[in-house]
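Residue numbers (my numbering), protein chains in the order written: chain A, 18 to 207; chain B, 0 to 264.
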């Protein structure tokens, strides 16, 4: 039950993009097409879960020496190392998967959403299983936001918008409206 | 003092560990890529038009590299790309036939009229949804420039309500042909000079009433052609370029001016 709560909480109530406003850059950049948003979403889920697994022992190490205030720096280092490694391994072992995720992986290296998940895990003092669930849920939430917004964007492309608002302004306004709709989920879980 | 040294030591250790790990992984999982493949990819124009029959420039480069495809299929790159590919791989490559796009419609503002004012999204696709476009002729150029928007080399412009391709700039990639709702754009050899600028399937009387320069299927060109290259089917003339000798008899015979010398357009 606890894990389901974490999942629902991260996917809908505290959606990383639409409620916590992390990973906006990737959110606006990749949501132009349904296909690329799916690829990005899959890459983010993958990286978030693995980054959680990597940073968990690092945090224990930092805790031991009482220097947890340096967690952000350590996490960035570990995540960047990990993404680089995964990229190289994928290229050799699974070329089709590398082709599908390859262009998105470097984008995620310094994505704040990934860092955000690992920090949340620590702040909420989750254990390993809870952390992984949290990462999975957040990744799914990110993918959901991307998919929904790519649908909205395809409508924006087809509609007649005043010259001043064309492009980024219209996209940002649409994003805020989508975000507003997710406010409806707040209060679902206490 | 230790409060400063311990973090520094830990981070130095982490950094060195990461560096070693990355180096080992990059050696163990190194993928050998032939540098010629990269050169081939650079030799192609990278506009991913698909007119070579492959899903993109990189897929085509890979196919050439494996010897599955001929090196002269890239139309936008033309002889320049083919020459570069030949020098990279050290093979003989045949000539690329230079092609250009052409809009087969002469229904400009002088000869045809609009039946309503279209105020929606200014694109051919959306205009075509309402009574086959805003022009009286339902098979002609819609004039909202969907082809202009997709052209990677900016070779198309709307002149007098009809899309016109500049053959000097056009690379013949064929992306515009896919964008036209009325399938008016043809990718044709540059050596063939004459073209019928109308695709109206309506009978002559109807075509005549909606457009001043539409082909009415009168068959005068068919009779005038010394090689028998022209046939009138579906109420408009078509030229068989395997027989056409560029004599220009059809242009002179055409009463409505639907057959044009495209070099003069």
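Where is the CB? At the ideal position from N, CA and C, for every residue including glycine.
Which listed residue (the options) has its alpha carbon closest to that of residue i
i	options	result
residue 116/B	142/B, 138/B, 94/B, 157/B	142/B
residue 102/B	96/B, 62/B, 162/B, 210/B	162/B
residue 93/A	58/A, 80/A, 131/A	131/A
residue 151/B	122/B, 100/B, 220/B, 193/B	100/B
residue 81/A	25/B, 42/B, 2/B	2/B
residue 139/A	108/A, 89/A, 128/A	89/A
residue 97/B	138/B, 188/B, 60/B	188/B
residue 201/B	114/B, 53/B, 193/B, 236/B	236/B
residue 225/B	11/B, 66/B, 208/B, 245/B	245/B
residue 261/B	206/B, 193/B, 249/B, 250/B	193/B
residue 47/A	170/A, 105/A, 149/A	170/A
residue 174/B	119/B, 33/B, 232/B, 154/B	154/B
residue 192/A	172/A, 91/A, 177/A	172/A
residue 234/B	164/B, 108/B, 90/B, 203/B	203/B
residue 197/B	104/B, 17/B, 29/B	104/B
residue 249/B	220/B, 239/B, 227/B	220/B
residue 145/A	91/A, 71/A, 166/A, 32/A	71/A
residue 10/B	67/A, 87/A, 49/A	87/A
residue 89/B	63/B, 138/B, 20/B	63/B
residue 218/B	227/B, 157/B, 210/B	227/B
residue 121/B	107/A, 104/A, 177/A, 102/A	177/A
residue 118/B	108/B, 112/B, 109/B, 129/B	129/B
residue 106/B	232/B, 207/B, 216/B	207/B
residue 24/B	175/A, 52/A, 110/A	110/A
residue 184/B	145/B, 213/B, 80/B, 212/B	145/B
residue 137/B	15/B, 147/B, 123/B, 149/B	123/B
residue 158/A	25/A, 21/A, 20/A, 125/A	25/A
Where residue i falls, given that 16 or more other Cβ within 10 Å makes a residue buried
i	result
residue 39/A	buried
residue 168/B	exposed
residue 160/A	buried
residue 182/A	exposed
residue 65/A	buried
residue 27/B	exposed
residue 93/B	exposed
residue 190/B	exposed
residue 44/B	buried
residue 189/A	exposed
residue 254/B	exposed
residue 107/A	buried
residue 102/A	buried
Interface partners of residue i on chain A, CB under 9 Å
i	result
residue 119/B	177
residue 202/B	Under the 9 Å cutoff, chain A gives no residues; its nearest Cβ is about 36 Å from residue 202/B.
residue 5/B	82, 83, 84
Residue i: contacting residues in chain B (beta-carbon distance under 7 Å)
i	result
residue 132/A	Neighbours of residue 132/A on chain B: none; closest Cβ ~16 Å, over 7 Å.
Interface partners of residue i on chain B, CB under 8 Å
i	result
residue 98/A	17, 20, 21
Within chain B, the residues that residue i reaches when beta carbons sit closer than 9 Å
i	result
residue 94/A	10, 13, 14, 17
residue 91/A	9, 10, 13
query = Which whole runs of the alpha helix (DSSP H) in the region 2 to 56 of chain B are 4 residues long or more, in chain order?
reply = Runs found: 34 to 42.
key: Members of the region 100 to 111 of chain A that neighbour chain B once the beta carbon cut-off is set at 7 Å   = From the region 100 to 111 of chain A, only 101, 102, 105, 106, 108, 109 have a Cβ closer than 7 Å to chain B.
query = Quick one, which residues of the region 19 to 30 of chain B are near chain A if we go by CB-CB under 9 Å, in chain order?
reply = Answer in chain order: 20, 21, 24, 25, 27, 28, 29, 30.
request  = Give, in chain order, every residue of the region 164 to 179 of chain A whose Cβ lies closer than 9 Å to some Cβ of chain B.
outcome  = 175, 176, 177
ask   = Quick one, which residues of the region 77 to 88 of chain A are near chain B if we go by CB-CB under 8 Å, in chain order?
value = 78, 79, 82, 84, 87
Residues of the region 7 to 19 of chain B with Cβ closer than 8 Å to any Cβ of chain A, in chain order = 9, 10, 13, 14, 17
request  = Give, in chain order, every residue of the region 58 to 81 of chain B whose Cβ lies closer than 9 Å to some Cβ of chain A.
outcome  = None of the residues of the region 58 to 81 of chain B has a beta carbon lying less than 9 Å from any beta carbon of chain A.
message = Quick check on the DSSP output: what are the complete alpha helix (DSSP H) runs of length 4 or more inside the region 179 to 263 of chain B, in order along the chain?
response = 203 to 209, 219 to 223, 248 to 252
message = In chain order, what are the residue ranges of uninterrupted beta strand (DSSP E) at least 3 long that sit wholly in the region 143 to 180 of chain B?
response = 155 to 158, 161 to 164
Entirely enclosed alpha helix (DSSP H) segments - the region 74 to 156 of chain B, minimum 4 residues = The region 74 to 156 of chain B contains these whole alpha helix (DSSP H) runs: 77 to 88, 123 to 128, 145 to 149.
inquiry  = Which complete alpha helix (DSSP H) runs does the region 20 to 76 of chain A hold, if anything under 4 residues is left out?
reply    = 41 to 47
ask   = If you scan the region 96 to 138 of chain A from start to end, which runs of the alpha helix (DSSP H) of 4 or more residues do you find wholly inside it?
value = 112 to 118, 122 to 125
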